[in-house]
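Participant:
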Amino acid sequence: MKWPPRSAAARVAAPRGGCFTLGRPSGETSPPRSGQRGAALLLAMLTVTLVATLASAALWQQWRSTEVEQAERQRVQAGWILTGALDWARLILREDARSNQNSGNADHLGEPWALPLEEARLSSFLAADKSNNADNTLEAFLSGEMIDMQSRLNFNNLVRTTGGGAAAKAEMSEVDLRAFSKLFEQLGLPLAELTNAAAELRNTTQLALTDPLPSRSALLPRKLSHLGWLGISRASLATLEPHVAVLPERSSLNLNTASPQAIYASLPGLDMAQARQVVAARERNPFKNLGDVTQAVPATAGKLNEDAHGTRSRYFEVRGRLRLENAVIEERSLVVRNNLDVRVSWRERFAQPGARP
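Everything in the sequence shown is counted per this note's numbering, starting at 259 for the first residue and increasing by one.
1) Can you say whether residue 338 is buried or exposed, counting buried as having 16 or more other CB atoms within 10 angstroms of its CB?
2) Can you have a look at residue 604 and say buried or exposed, based on whether 16 or more other CB atoms are within 10 angstroms of its CB?
3) To the nearest angstrom, how far is it from the Cα of residue 306 to the Cα of residue 319?
4) Determine the extent of the alpha helix (DSSP H) in which residue 504 is found, giving its start and end residues.
5) Going by alpha carbons, who is nearest to residue 400 out of 448, 342, 453?
6) In whole angstroms, what is the alpha-carbon distance linking residue 356 and residue 327?
7) Given a cut-off of 7 Å on the beta-carbon distance, is the pair residue 575 and residue 350 in contact?
8) For residue 419, which residues does DSSP report across the bridge?
9) Would you report the Cα separation of residue 432 and residue 550, rounded to the nearest angstrom?
10) Going by other Cβ atoms of all chains shown within 10 Å of its Cβ, with 16 needed for buried, is residue 362 buried or exposed?
11) Give a yes or no on whether the C-beta atoms belonging to residue 520 and residue 501 are separated by under 7 Å.
12) Counting pairs of Cβ atoms below 8 Å between the region 489 to 499 and the region 451 to 459, do you hit three or more?
13) Per DSSP, residue 406 forms a beta bridge with which residues?
14) Quick one: what's residue 587 bridged to in DSSP?
15) Classify residue 617 as buried or exposed, calling it buried when 16 or more other Cβ atoms lie within 10 Å of its own Cβ.
16) For residue 227, which of 419, 424, 552 has the nearest alpha-carbon?
17) Note down the Cα distance separating residue 434 from residue 602, rounded to an integer number of angstroms.
18) Tell me whether the beta-carbon of residue 595 lies closer than 7 Å to the beta-carbon of residue 572.
19) For residue 413, is the classification buried or exposed, using 16 other Cβ atoms within 10 angstroms of its Cβ as the cut-off for buried?
20) In its own chain, which residues sit with a C-beta less than 6 Å from the C-beta of residue 523, not counting the 5 before and 5 after it?
21) Taking the alpha helix (DSSP H) that residue 459 falls in, what are its first and last residues?
22) Can the beta-carbon of residue 585 be found less than 7 Å from the beta-carbon of residue 332?
23) Note the first and the last residue of the continuous beta strand (DSSP E) segment covering residue 375.
24) Checking contacts by CB at 7 Å: is residue 295 closer than that to chain D?
25) CB-CB under 6 Å to residue 366, same chain, minus the five flanking residues each way: which ones, in chain order?
26) Near residue 409, what residues of its chain come up, given a Cβ to Cβ distance below 6 Å and the 5 sequence neighbours on each side ignored?
27) What residue range does the alpha helix (DSSP H) around residue 520 cover?
28) Below 8 Å CB to CB, which residues in the same chain sit around residue 528 once its five sequence neighbours on both sides are set aside?
29) Apart from the five residues on each side of it in sequence, which residues of its chain come closer than 6 Å, Cβ to Cβ, to residue 411?
30) With DSSP run on the structure shown, which of helix, strand or coil describes residue 491?
31) In chain order, what residues of the same chain have a beta carbon less than 6 Å from the beta carbon of residue 583, not counting five sequence neighbours either side?
32) What does a CB cutoff of less than 8 Å around residue 494 pick up in its chain, not counting 5 residues either side in sequence?
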């Protein structure tokens, strides 16, 4: 068989030694291998970056879901625990009312409700129940206290409502205004704030009685912090807190629990030394009635008013503080006691600054 003749371009001349090499056509250059390696490396880096980004996003989503689930679990647990603490406080107040009915005693700071609950591990409460199978690894600590809100001057006493229906009228209580003026002077607070706040409270109360439409005046306050709506500064509110409360109706001052400043302000003609005598007398023997006050401190004779003073209380504030793992939640509730019926007027719950709710 004969091979077909090769073209001149395809012929390869063998060297004299008998070996030959295949060469590239004249003028053709080899491809740049370094460029290919750079492109491959760049593609690999992009792939790794994309995979790492997707993995990080998935990990963050998983972490976020875990955190949300944990926060929700803590919220539910805190709600149940603080609600249980509130029910416990209501039970104590109910039993105290029953005891007072049987003995004729008044409300004073030597009763069980007045003892604060120091921070204690929640498992110490559950240990009394031998059938309880609660998880002892739960790091929960509970503390709280109950405060007699009638140990403080009621800011809403500044306004009296007379008449009814269309004839209802809001009037300033001059007696209470003088009492608050004495308190502001004693605490070194500006009287202008009191005057403006009292006038705003009267206007707001009058509009609430006669005008059902929305108005530009402030809302009626329900708690001490709401007095800022009436123009009282935060600094003044902080100073007033141990001595002033905001209650939904007129209330008397319990002389068994009131501070010397509140007693001094509420009794015309009484000085601070005599107010401290009242406090010292009740510590020796709590007052059962206003007659006991006059007998213990004769300087109070003729100054006590059953509408403004008393020895029993109906309004209490229940404060609970729960430290659950790395979260701190506080709750405050205003309860009103009518005989053996103890009901909640309002509740608020908040996390401490810097703590996760």
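C-beta: ideal position from N, C-alpha, C; glycine also.
Facilitator: Taking the definition as stated:
1) exposed
2) exposed
3) 20 Å
4) Unbroken run through residue 504: none, as it is neither H nor E.
5) 342
6) 44 Å
7) no
8) 428
9) 27 Å
10) exposed
11) yes
12) yes
13) 574
14) 580, 609
15) No statement about residue 617 is possible, as the shown extent of the chain runs from 259 to 615 and does not include it.
16) Beyond the ends of the chain as shown, which are 259 and 615, falls residue 227; an answer cannot be given.
17) 27 Å
18) yes
19) buried
20) 437, 440, 441
21) 449 to 468
22) yes
23) 375 to 379
24) Among the chains of the structure shown, chain D does not appear; only one protein chain is present.
25) 514, 544
26) 512, 515, 516
27) 518 to 524
28) 521, 522, 557, 558, 561
29) 502, 520
30) coil
31) 397
32) 447, 448, 451
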